[in-house]
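Trainee: There's a structure below that I have some questions on.
There are 2 protein chains.
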Amino acid sequence: MRIGELARRTGVSERSLRYYEVQGLLVSDRTAGGQREYAERAVDRVILIQELFAAGLHSKKIAELLPCMRDPDGGPNERATPELVTELTAERDRIDRMIGDLTTSRAVLDDVITTATRELPA
Amino acid sequence: MRIGELARRTGVSERSLRYYEVQGLLVSDRTAGGQREYAERAVDRVILIQELFAAGLHSKKIAELLPCMRDPDGGPNERATPELVTELTAERDRIDRMIGDLTTSRAVLDDVITTATRELPA
DNA sequence: GTAAAGTCTGACATCAGTGTCAGGTTCAAG
DNA sequence: CTTGAACCTGACACTGATGTCAGACTTTAC
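Those protein sequences? They're chains A and B, same order as listed.
Following UniProt numbering, the numbering of the first sequence begins with 1 at its first residue and continues without gaps.
Following UniProt numbering, the numbering of the second sequence begins with 1 at its first residue and continues without gaps.
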């Protein structure tokens with residue numbers, strides 16, 4: 001598929017898809033005329049990239065991480081270096097803290113919403 | 001306490017504390033000479049603000065939210081307007097999605113870490 | 001009263017992903 | 001072949017919290 005369809009199907013802008021390619025997160029074949037042609041699996045890949053971005057990982061780290069993923073398609077997976085493992089462990093801990101913070105914030109919001117939504121006392 | 005101590009105790013930079021004040025998130029008394037003087041409760045307030053920032057809320061929304069919080073000190077709480085409730089509900093949903101994304105990303109990282117850490121097969 | 005540490009305001013820089021625009025090329029349908 | 005939609009590259013702008021610096025003032029300790 002071409003970039004427009006991939007953008008539509010993932011909800012990610014064409015601009016971002018091109019950016020992902022520059023950052024080495026996403027590959028594409030090119031037509032004779034130079035237009036990007038994506039494989040079907042690009043859809044899942046893009047969604048994953050977005051999730052990792054949402055988790056606060058920067059593109060550089062995502063680029064290192066992706067080749068080390070256990071790939072259902074059984075691609076030629078690299079094994080993460082010890083340095084990368086250290087970094088990823090730090091990221092994982094950061095994510096755990098972030099989930100904790102989010103849970104707290106969610107409770108705060110929930111409390112305000114509940115309080116405001118309750119019947120007003122006579 | 002003055003700004004330096006508050007920064008130290010919360011782990012938030014003085015720069016950010018001043019920014020919070022400009023954004024209407026944090027109030028301070030001033031000494032005769034114009035220096036900020038914070039009450040003890042500012043510590044918890046700052047930590048809460050940080051958590052809300054971490055949850056992706058923008059300062060404007062935090063500024064609206066804070067006066068509507070159920071305050072253990074029983075301050076003069078505002079009741080959230082219906083509009084604000086709508087917005088906060090949207091934020092809560094966003095946070096729920098974010099927690100879902102984070103959980104996915106955490107699993108991805110965990111998988112890579114585990115795979116890389118496992119004993120190498122002979 | 002003086003020195004040193006702390007604080008003030010205001011301005012400019014940074015980051016990284018994304019939006020947007022311009023000017024040109026490619027593709028697919030008629 | 002033509003036309004319009006889709007795509008290309010490159011460049012610049014934006015966001016919003018935070019870093020950093022300059023120059024001046026305040027506070028505290030001696």
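Ideal Cβ positions, reconstructed from N, Cα and C, are used throughout, including at glycine.
Keep in mind the model is a prediction, meaning the values are calculated, not measured.
Strictly under 8 angstroms for the Cβ-Cβ distance: is Ser59 of chain B near chain A by that measure?
Mentor: For the purposes of this step, residue 59 of chain B is identified with residue 59 of the second sequence, where counting begins at 1. No - not a single Cβ of chain A is within 8 angstroms of the one on Ser59 of chain B.
Trainee: For the stretch 86 to 101 of chain B, which residues have a beta carbon sitting closer than 8 angstroms to at least one beta carbon of chain A?
Mentor: Hits within the stretch, in order: Leu88, Thr89, Glu91, Arg92, Ile95, Asp96, Met98, Ile99 and Asp101.
Trainee: Would Gly95 of chain A pass as a contact of Ala63 of chain A if the rule is Cβ separation under 8 angstroms?
Mentor: By 1-based counting over the first sequence, the position of residue 95 of chain A is 95. By 1-based counting over the first sequence, the position of residue 63 of chain A is 63. As written in the sequence, residue 95 of chain A is Ile, which differs from the Gly given in the question. The answer is no: Cβ separation not under 8 angstroms.
Trainee: Which complete alpha helix (DSSP H) runs does the stretch 51 to 122 of chain B hold, if anything under 4 residues is left out?
Mentor: Counting whole runs of 4 or more residues, the stretch 51 to 122 of chain B contains the alpha helix (DSSP H) stretches 59 to 65 and 82 to 117.
Trainee: Between the stretch 79 to 99 of chain B and the stretch 11 to 30 of chain B, are three or more C-beta pairs nearer than 8 angstroms?
Mentor: Taking 8 angstroms as the limit for Cβ pairs, the verdict is that the stretch 11 to 30 of chain B does not touch the stretch 79 to 99 of chain B.
Trainee: Could you tell me the boundaries of the alpha helix (DSSP H) in which Leu6 of chain A lies?
Mentor: Sequence index remark: in the first sequence, residue 6 of chain A carries index 6 (1-based). Looking at the DSSP string, the run of the alpha helix (DSSP H) that includes Leu6 of chain A is Ile3 to Thr10.
Trainee: Taking Cβ positions only, does Asp71 of chain A come closer than 8 angstroms to chain B?
Mentor: Taking the first residue of the first sequence as position 1, residue 71 of chain A is located at position 71. Answer no: the Cβ-Cβ gap between Asp71 of chain A and chain B never drops below 8 angstroms.
Trainee: Going straight from the alpha carbon of Tyr38 of chain B to that of Gly24 of chain B, what length do you get?
Mentor: Position 38 of the second sequence, counted from the first residue, corresponds to residue 38 of chain B. Position 24 of the second sequence, counted from the first residue, corresponds to residue 24 of chain B. Straight-line Cα distance between these residues: approximately 14 angstroms.
Trainee: Would you call the stretch 79 to 87 of chain A in contact with the stretch 108 to 119 of chain B, where contact means no fewer than 3 C-beta pairs closer than 8 angstroms?
Mentor: The answer is yes - the stretch 108 to 119 of chain B touches the stretch 79 to 87 of chain A, with three or more Cβ pairs under 8 angstroms.
Trainee: Buried or exposed for Ala32 of chain A, please, with buried defined as at least 16 other CB atoms from any protein chain shown within 10 angstroms of its CB.
Mentor: For the purposes of this step, residue 32 of chain A is taken as residue 32 along the first sequence, with counting starting at 1. It is exposed - the Cβ of Ala32 of chain A has fewer than 16 other Cβ atoms within 10 Å.
Trainee: Quick check on DSSP: helix, strand or coil for Glu40 of chain B?
Mentor: Stepping through the second sequence from its first residue, residue 40 of chain B is reached at position 40. In the structure shown, Glu40 of chain B sits in coil (DSSP, three-state: anything other than H, G, I, E or B).
Trainee: Rounded to whole angstroms, what is the Cα-Cα separation between Arg2 of chain B and Thr104 of chain A?
Mentor: In the second sequence, residue 2 of chain B corresponds to position 2, counting from 1. In the first sequence, residue 104 of chain A corresponds to position 104, counting from 1. One C-alpha to the other measures close to 27 angstroms.
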